[in-house]
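Residue numbers (the working numbering): 154 to 340. We put the beta carbon where it would ideally sit given N, CA and C, even for glycine. It should be emphasised that the depicted structure is a prediction, and the values quoted were computed from it without experimental measurement.
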Amino acid sequence: IALTANALSGDREKCLAAGMDDYISKPFGQDRIAEILKRWLPDNLQEIVGQPPTQSEPPVVTVNSEATESDVIDQKALENIRALQSEGAEDILTKIITLFLDDTPKQLEQLHQALRDKDANTVRTIAHSLKSSSANLGALGLSSLLKELEEKGRTNSLTESAELFVKVQNEFQRTIEPLEFETVKHD
C-alpha cells in the first residue's frame, strides 16, 4: 500500500502500475487506514484492524483563552495524531511537536540561507518539507505561507520571497506557544 503526500491526478494509477495493491495520500485518519487494511488483510486479521486503540486516559480537550491562538492551530489535526496513540507508548503528539519545534528553526535558517543564495531548488525542497510538517500539526496558516514559498522555488521566481519569509518566521513564532501548551498538558 503506497503512502504519499501527493494527491495529484494520476498518482494512484502510477502507484498501482508500480506494483502497489492500493494507495493512500495525506492527510489521512485512522478510519481511512483501517478501511484500506481491511480491504487487503486476510479475514482473520480484519476484526483487529477495526478496533480503536485503547487509551489509558481520556483525551484532553483544549480550550484556548485567546481567539488568535485558536486560529493558529487546527485542533482536528492534533486529534488525528492523538487517535494514533498506542496504550503504554510514549505520547506520540508530544514527540511530534517536540521534533517540529526543535527542527523547524534549523530548517528556517537553511531556508533563509537558500533565499540569500537565490537557490530556488533548495527553497522549494525545504519549504515543501516544512509545509507538510506544519499541516500535519494543524499550523495551516504557516503551511499556506510555505506553500507559496515552495511554489516560488518551483517556478524559480524568488521575487518578494524575503517579505514572504518574514511572514513565515512570524507565523512560526505564533505556533510555538499553542504547540508547547499541547506538550505540557500531556506531561
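Excluding sequence positions up to five away, which residues of its chain have a Cβ less than 6 Å from the Cβ of residue i?
i, result
"K305", "L311, S314"
"C168", "A155, Y176"
What are the start and end residues of the beta strand (DSSP E) that includes residue i?
i, result
"I177", "176-178"
Quick one: grab the DSSP three-state call for residue i.
i, result
"T157", "strand"
"F325", "helix"
"S209", "Any reading at S209 must be qualified, since the residue scores a pLDDT of 40, below 50, and its modelled position is unreliable; no value is offered."
"T215", "In this predicted model, T215 has a pLDDT of only 39, less than 50, meaning its place in the structure is not dependable enough to derive any value."
With residue i as the anchor, note down where its alpha helix (DSSP H) starts and where it stops.
i, result
"A230", "228-235"
"G294", "293-307"
"Q238", "Unbroken run through Q238: none, as it is neither H nor E."
"S286", "273-289"
"A267", "245-269"
"E98", "No answer is possible for residue 98: it lies beyond the span of the chain, which begins at 154 and ends at 340."
"L194", "L194 -> no alpha helix (DSSP H), and no H or E assigned at all."
Quick one, which of the options has its alpha-carbon nearest residue i's?
i, options, result
"A161", "L264, L237, Y176, G182", "Checking the sequence shown, residue 161 turns out to be Leu, not Ala. Out of L264, L237, Y176, G182, Y176 has the C-alpha closest to the C-alpha of L161."
"S239", "Q183, V225, E262", "Q183"
"W193", "K179, S178, D174, R185", "D174"
Contact between the segment 262-276 and the segment 237-248 is defined here as three or more beta-carbon pairs at a separation below 8 Å; is this criterion met? Judged by pairs of C-beta atoms under 8 Å, the segment 262-276 does not touch the segment 237-248, as fewer than three such pairs exist.
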